[in-house]
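The numbers in numbering that gives the first Met the number 0 rise by one with no breaks, and the one at position 161 of the sequence shown is 160.
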Amino acid sequence: MLVVLGSINADLVFRVESLPRPGETVSCASFAFHHGGKGANQACAAARAGAVVRFVGCVGEDAWGPVLRRGLEEAGVDTSLLATSPRPSGTAVIAVDETGENAILVASGANLDVSADQLDRAGLGKGTTLLCQNEIPLATTRAGLARGRALGARTILNFAPAVAGALAVLDEVDVLVVNHGEATRLLDRDLPPEAAVRALASHTRTCVLTLGRDGALAVGPEGAWHVPALPVEPVDTTGAGDTFTGVLAAGLDLGLPWTEALARAAVAAGIVCERLGARSGQPTSEEVAARRAELPPVLPLALS
Ligand code: RIB
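Take a look at the structure:
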């Protein structure tokens with residue numbers, strides 16, 4: 000079983016010709032609502048990949064709350080530990096340009112009220128996995144990871160969005176998933192990808208560094224690999240990292256070999272970029288299997 004402790008948002012997505020620069024107003028005809036939030040996106044990606052998933056988070060006592068809860072349930076995620084708070088539900092305003100690139104503003108709202116105590120009834124223990132991100136208060140994430148660790152669960156942290164000065168959180172983490180920018184914030188220095196993944200792997204157990212269209216690097220006691228990206232024409236890259244992380248976590252929780260878990264994560268992340276919305280485009284395990292042959296081989300990484 001996979002427990003996701005994290006955020007859930009209503010995403011208001013604006014398709015624009017180009018992303019606004021400071022001081023600029025950019026117009027488009029309309030916007031669309033999509034289900035979002037890094038934690039909830041990862042939970043749904045994992046459920047679609049075949050894992051049994053329980054989401055632990057918080058929505059507002061507003062009109063969005065039941066809508067967001069339903070979005071998780073429709074993806075097959077257990078919401079019995081989704082709490083409510085008097086703050087408004089988390090909301091993100093997302094601009095997506097013609098190349099699929101995005102800019103995101105998040106009002107955290109109810110996500111600020113998530114508590115590690117909600118994990119008490121989550122069923123964490125040996126043979127289970129706890130997955131966290133950085134969209135709820137760092138102290139809560141850290142307390143949750145420590146609790147998961149103490150109970151014998153595998154702990155995974157997607158360090159997104161990055162916050163500076165948080166290297167100590169890695170003490171409680173078995174698998175760290177970061178992109179290159181997040182790695183730079185975490186390490187407080189800009190290293191080339193191979194050096195960054197190696198440096199971070201020495202602070203945790205295994206580090207997976209995602210590199211967009213250049214794929215991902217993974218380094219840990221199990222081995223070191225370069226995972227290529229699925230060749231795609233991106234429509235919207237929002238949530239690609241969430242899909243990657245959720246599918247990877249599902250694969251590890253289900254006991255897949257590392258190379259297969261990484262490959263499925265890369266295929267799923269590629270597919271979600273072909274569709275609008277962080278979550279609505281997430282593929283099922285059948286869709287991932289159907290596109291698996293398009294992924295170039297996962298190769299061992301010779302670390303210099
Ligand atoms: O990673 C994408 C997510 O970031 C969006 O769904 C948005 O809600 C923000 O949390």
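C-beta: ideal position from N, C-alpha, C; glycine also.
Note that the structure is a prediction, hence the values are computed from the model and not measured.
Is residue i helix, strand or coil by DSSP?
i    : result
L175 : strand
G240 : helix
A115 : helix
A53  : Contrary to the premise, residue 53 reads as Arg rather than Ala in this sequence. DSSP places R53 in strand when its eight states are reduced to three.
G143 : helix
L310 : One cannot answer for residue 310 here, as it falls past the ends of the chain, which runs 0 to 303.
D10  : strand
A102 : strand
N157 : strand
S201 : coil
T78  : strand
S29  : coil
A217 : strand
I270 : helix
V2   : strand
T183 : helix
A223 : strand
T258 : helix
V246 : helix
G89  : strand
L67  : helix
Does ligand 1 have a heavy atom nearer than 8 Å to the CB of residue i?
i    : result
H179 : no
D96  : no
R184 : no
N8   : yes
G108 : no
A46  : no
I103 : yes
I135 : no
I155 : no
G238 : yes
G99  : no
I93  : yes
I89  : According to the sequence as given, residue 89 is Gly; it is not Ile. Yes, ligand 1 has a heavy atom inside 8 Å of this Cβ.
G122 : no
R278 : yes
G64  : no
A159 : yes
G245 : no
K125 : no
G211 : no
G35  : yes
D235 : no
D77  : no
R241 : Strictly speaking, residue 241 in this sequence is Asp, with Arg absent from that position. Yes; taking the cut-off as 8 Å, the Cβ of D241 has a heavy atom of ligand 1 nearer than that.
Going by beta carbon distance, what residues of the same chain come within less than 7 Å of residue i, once the five residues before and after it are set aside?
i    : result
R148 : T154, E171
A82  : C57, Q117
G180 : A161
A102 : L18, A94
D213 : A228
F30  : L11, V12, F13
T348 : Not covered by the structure: residue 348. The range shown for the chain is 0 to 303.
G269 : A228, L229, V231
Please report the Cβ distance between residue i and residue j, rounded to the nearest whole angstrom; I am assuming they are in contact, meaning their Cβ atoms lie under 8 Å.
i    : j    : result
V168 : R197 : Wrong, their Cβ atoms sit about 19 Å apart, outside the cutoff.
G151 : G124 : 6 Å
A248 : L156 : Wrong, their Cβ atoms sit about 10 Å apart, outside the cutoff.
I304 : L67  : Any property of residue 304 remains undetermined from this structure, which presents the chain solely from 0 to 303.
A260 : L251 : 5 Å
Can you list, in chain order, the residues of its chain whose CB lies under 8 Å from that of residue i, leaving out five sequence neighbours each side?
i    : result
E273 : V231, E232, P233, V234, G280
G122 : M0, V2, R53
R291 : A262, R263, V266
Near residue i, which residues of its chain fall below 6 Å by C-beta distance, leaving aside the five closest residues on each side in sequence?
i    : result
G75  : A46
R184 : A161, A163
R14  : C27, V95
A264 : F243, V246, L247
D77  : R53
T140 : C131
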